[in-house]
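Visitor: Residue numbering for the sequence shown follows the numbering used here, beginning at 501 and increasing consecutively. Beta carbons are placed, not taken as given, at the ideal position from N, Cα and C, and that holds for glycine. Because the structure is a prediction, the values reported are computed rather than measured.
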Amino acid sequence: MKNSKFNISCFVLMFISFLMQTTQVSAYSKTTRHVNQDITAYVSEAGKPTASGSLPESLDVAVHPENYYVNDWNHPVLPFGTVIITDKSILKPNSIYSDVFYVRDTGQLNNQDNLSRYWFDIWAGSYSGNKYNSTNYWNAVGFGKQVVSYTAYWP
């Protein structure tokens, strides 16, 4: 009997979680699908805001600017606030799995690493002083470059 109650409780929690995720993206009117896109990880200096003006948070990502070589960080290829849902959970550099991310920053101004057009860069934390002495930096480096498919939702 205990096991049955536990299973029902788990099912209810999973169903509520599904409804919350569905509700979260149903408020968005535009959807695009991006297949086999590069993803990397990055760190930022402690206290430095993202290109959207907010301080970075755990599920934030950076994307390319809409146009390369024009020093325009405020026009990302996917609008700020876009919700990205990946086809599979990603093990972030800080050992947390997620399949939901939020566009709040831009990076790779000139696409100097020749990454895919709809690449995104997962925020792996901040550093103070020399980034090379930061565990977050080395976790981001260790994340490397991966490939993922995802759907992007925005208003």
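1. Taking the straight line between their C-alpha atoms, what separation do you get for T522 and S626?
2. Have a look at the DSSP bridge pairing and note the partners of F620.
3. Who are the Cβ neighbours of Y637 in its own chain at under 7 Å, not counting the five residues just before and after it?
4. Straight-line CA distance for G642 to K592?
5. From S649, G629 and W623, pick the residue whose C-alpha is nearest to that of S554; which is it?
6. Rounded to a whole number of angstroms, what is the C-alpha to C-alpha distance between P565 and D605?
7. Roughly how many angstroms lie between the CA atoms of N639 and N594, to the nearest whole one?
8. Per DSSP, what kind of secondary structure is T522 in: helix, strand or coil?
9. Which of the three DSSP states, helix, strand or coil, is assigned to W638?
10. Where does F580 sit, in a helix, a strand or coil, going by DSSP?
11. Would you mind working out which of A652, L609 and I590 sits nearest I539, comparing C-alpha positions?
12. Can you tell me the Cβ-Cβ gap for F584 and V570, rounded? I've got them flagged as a contact below 8 Å.
Guide: With the given structure in hand:
1. The pLDDT assigned to T522 is 46, lower than 50, so where the model puts this residue is not dependable; a value taken from the coordinates is nonetheless given after this. Cα to Cα, the separation comes out at about 31 Å.
2. F620 is bridged to I539 and V563.
3. V543, Y627 and K631
4. 10 Å
5. W623
6. 9 Å
7. 7 Å
8. Low confidence applies here, because T522 scores a pLDDT of 46, under 50, leaving its location unreliable and the question unanswered by this model.
9. helix
10. coil
11. I590
12. Inspection of the sequence shows that residue 584 is occupied by Ile rather than by Phe. Between V570 and I584 the Cβ distance is about 24 Å, and since that is not below 8 Å, they are no contact.
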